[in-house]
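Our numbering numbers the first residue of the sequence shown as 23 and each following residue consecutively. Heads up, the beta-carbon is just placed ideally off N, CA and C, and yes, glycines get one too.
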Amino acid sequence: MSIVLELGEIEQDARQAAAAAGMDLSDFMREAVRAKVRENNFATARPFENWTDGDLVSAIKIGYPPGFRQRYRELRKKREEGALTKEEKDELIRCSDRVMHRDTERLPLLFELALRRKTDAPSLIHQLQLRRQVA
Numbered sequence: 023m024s025i026v027l028e029l030g031e032i033e034q035d036a037r038q039a040a041a042a043a044g045m046d047l048s049d050f051m052r053e054a055v056r057a058k059v060r061e062n063n064f065a066t067a068r069p070f071e072n073w074t075d076g077d078l079v080s081a082i083k084i085g086y087p088p089g090f091r092q093r094y095r096e097l098r099k100k101r102e103e104g105a106l107t108k109e110e111k112d113e114l115i116r117c118s119d120r121v122m123h124r125d126t127e128r129l130p131l132l133f134e135l136a137l138r139r140k141t142d143a144p145s146l147i148h149q150l151q152l153r154r155q156v157a
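Okay, structure coming up:
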């Protein structure tokens with residue numbers, strides 16, 4: 023089975039993490055998802071089945087603290103310009119890790135809601151207007 027995953031603003035960070043791990047991006051992302059599935063036992067359990075749709079939507083839409091998005095954009099722009107300091111690079115990595123972690127937390131919520139609404143995750147993402155929340 024194939025799933026198309028739009029990495030958006032974290033693509034370059036995911037590529038760097040994959041390279042640092044000595045893996046290609048597809049293998050790296052597959053292992054990241056596999057680890058999260060094992061960690062939360064999503065293969066055999068639906069931990070959110072007792073949540074209301076409203077609870078799921080609220081949890082999916084939890085945002086970042088004030089200023090986080092702006093700082094993340096600034097750091098990414100500086101990276102593109104080749105102007106990051108060592109400290110800023112470390113901060114960008116931490117921010118990217120946070121974004122990836124949050125996206126990983128949201129995936130099972132999205133899948134549960136998509137299952138209930140008898141739709142696919144990309145359609146649900148579009149309906150909930152979730153794209154580019156950090157960009």
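M51 and A36 have their C-alpha atoms roughly 8 Å apart. Annotated three-state conformation of L137 is helix, per DSSP. Taking a contact to require three or more Cβ pairs closer than 8 Å, the stretch 80–95 and the stretch 110–122 qualify as touching. At the C-beta level, L78 and L131 come within 9 Å of one another.
Taking C-beta separations shorter than 7 Å and ignoring five residues to either side along the sequence, the partners of K100 in its chain run L106, E110, following chain order. Note on the stretch 64–144: whole alpha helix (DSSP H) runs with a minimum of 4 residues are 75–82, 90–103, 108–139, in chain order.
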